[in-house]
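In what follows, a structure is listed as structure tokens, so that the remarks can point back to it.
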Amino acid sequence: MPHAYSQAKKTHETSDEGIRLQKLLAQAGFGSRRKCEEMITDGRVEVNGELVTTLGTRVDPKTQEVRVDGSRIRLNPNHVTLALNKPRKVLSAMEDPKGRFTLRDIVGDKYERIFHMGRLDYESEGLILMTNDGELSQHVMHPRYEVEKTYIVTLQGKMSGTVCRRLIRTGVQLDDGWIKLDHCSIIDSNRDTTIVKVTLHSGKNRIVRRIFGAIGFPVKRLVRTQIGPIKLGDIKPGSYRVLSQAEVRSLSKAVGL
Numbered sequence: 001m002p003h004a005y006s007q008a009k010k011t012h013e014t015s016d017e018g019i020r021l022q023k024l025l026a027q028a029g030f031g032s033r034r035k036c037e038e039m040i041t042d043g044r045v046e047v048n049g050e051l052v053t054t055l056g057t058r059v060d061p062k063t064q065e066v067r068v069d070g071s072r073i074r075l076n077p078n079h080v081t082l083a084l085n086k087p088r089k090v091l092s093a094m095e096d097p098k099g100r101f102t103l104r105d106i107v108g109d110k111y112e113r114i115f116h117m118g119r120l121d122y123e124s125e126g127l128i129l130m131t132n133d134g135e136l137s138q139h140v141m142h143p144r145y146e147v148e149k150t151y152i153v154t155l156q157g158k159m160s161g162t163v164c165r166r167l168i169r170t171g172v173q174l175d176d177g178w179i180k181l182d183h184c185s186i187i188d189s190n191r192d193t194t195i196v197k198v199t200l201h202s203g204k205n206r207i208v209r210r211i212f213g214a215i216g217f218p219v220k221r222l223v224r225t226q227i228g229p230i231k232l233g234d235i236k237p238g239s240y241r242v243l244s245q246a247e248v249r250s251l252s253k254a255v256g257l
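Yeah, the sequence shown ends on 257 if you go by UniProt numbering, and it's all consecutive.
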């Protein structure tokens, strides 16, 4: 159980080093400075496992752990997380011996040690998350945390809602086992094409293409639109944006950090 700082901690609280806690919380996306001050005085904030209620407390985000309502916030100023819209014919890699376009050609060398969290196959498009935060990357990609991913998929052939419901209820058997969709809905269809929105938490290689190929509906186009709480939004193909602290905090919470 967290405990309040004692009087012996006063020298730490009034130190000129570090950043004021309420300012740090505001920068991390918790709201206005006044709102963050209220969070501190209400006893919702811990530093290194100890409850802090004194305004003006300074912290070092590089060395100290800060939690709000029990959830750790990620404070390393050197960490950056990107949301990137991968076009077709771009390899989900940072380099390619064959000379094909890679993610490096989109993000350049601006960010040190940045890497992609998961992949999209060469012909697929849409959202890829990138970071230089190794812990966040491991959690996002680990099957244990079952991060949901949403896709807009254009299929060859006219598929019924009954098939969608069956993919949710019973799934389909692939070479490496049974797989179900968490969500499947038809957006549009005509005589020879169906557009569906699907959500699943499996991160297996080419899983969406394999699911629909197994039931006789080859994928003509595949666009990933969401990973966990992070949406593709209006990012143009071949472009990216830096996630806000609030978005990183939301993603971290979704994967148990």
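Virtual Cβ for every residue (Gly too), placed ideally from N, Cα, C.
Taking CB distances under 8 Å as the criterion, tell me whether residue i reaches chain C.
i, result
"Asp192", "Of the protein chains in the structure, only one exists, and it is not chain C."
Is it the case that the Cβ atoms of residue i and residue j are separated by a distance below 8 Å?
i, j, result
"Leu24", "Val66", "yes"
"residue 258", "Arg20", "As shown, the chain starts at 1 and ends at 257. That puts residue 258 outside it, with no answer to give."
"Ala214", "Leu174", "yes"
"Thr102", "Leu91", "yes"
"Gly43", "Thr53", "yes"
"Gly18", "Arg58", "yes"
"Ile235", "Ala83", "yes"
"Gly70", "Gly203", "no"
"Arg249", "Ala28", "yes"
"Phe40", "Gln64", "Going by the sequence as given, residue 40 is Ile instead of Phe. Not in contact: Ile40 and Gln64 (Cβ atoms no closer than 8 Å)."
Considering Cα atoms alone, identify which of the options is closest to residue i.
i, options, result
"Asp60", "Val52, Leu51, Val47", "Val47"
"Asp188", "Asp175, Ser160, Ile40", "Ser160"
"Thr162", "Pro143, His183, Gly177", "His183"
"Glu112", "Asn78, Ala83, Glu38", "Asn78"
"Glu247", "Trp178, Lys236, Pro229", "Pro229"
"Lys62", "Asp133, Phe115, Gly31", "Asp133"
"Leu181", "Leu200, Val196, Ser32, Glu135", "Leu200"
"Thr131", "Pro143, Thr41, Lys110", "Lys110"
"Gly238", "Lys253, Pro143, Ser252, Asp105", "Asp105"
"Ile179", "Glu37, Phe212, Arg33", "Phe212"
"Ser252", "Lys231, Leu232, Glu135, Asn190", "Glu135"
"Lys231", "Cys164, Glu95, Lys149, Pro143", "Lys149"
"Gly164", "Gly177, Ala254, Asp176, Val196", "At residue 164 the sequence reads Cys, which differs from the Gly that was named. Among Gly177, Ala254, Asp176, Val196, the Cα nearest to that of Cys164 belongs to Val196."
"Pro143", "Ala254, Phe30, Gly31, Leu51", "Ala254"
Which whole-angstrom value describes the C-beta separation of residue i and residue j, a residue pair presumed to lie in contact below a C-beta threshold of 8 Å?
i, j, result
"Thr194", "Ile186", "6 Å"
"Val45", "Tyr240", "About 32 Å separates the two Cβ atoms, so there is no contact after all."
"Gly256", "Tyr145", "6 Å"
"Val198", "Tyr151", "5 Å"
"Val80", "Ile114", "7 Å"
Name the DSSP beta bridge partners of residue i, please?
i, result
"residue 261", "No answer is possible for residue 261: the residues shown for the chain start at 1 and end at 257."
"Asp42", "None, per the DSSP bridge assignment."
"His183", "Thr199"
"Tyr122", "BP columns for Tyr122 are empty, so no partner."
"Arg149", "Going by the sequence as given, residue 149 is Lys instead of Arg. For Lys149, which the question treats as bridged, DSSP gives the partners Leu200, Ile227."
"Ser252", "Per DSSP, none; premise fails for Ser252."
"Ala83", "Leu129, Arg241"
"Thr193", "Gln156"
"Val107", "Its beta-bridge partners do not exist; DSSP assigns none."
"Gly31", "Gly31 is not bridged to any residue."
"Ser71", "Val68"
"Leu167", "Its beta-bridge partners do not exist; DSSP assigns none."
So, do the region 207-222 and the region 153-170 have three or more beta carbon pairs nearer to each other than 8 Å? yes
On the three-pair Cβ rule with 8 Å, is the region 161-170 touching the region 202-210? no
Contact between the region 125-133 and the region 225-241 is defined here as three or more beta-carbon pairs at a separation below 8 Å; is this criterion met? yes
Please determine if the region 137-147 and the region 85-93 are in contact, where contact requires at least 3 C-beta pairs separated by less than 8 Å. no
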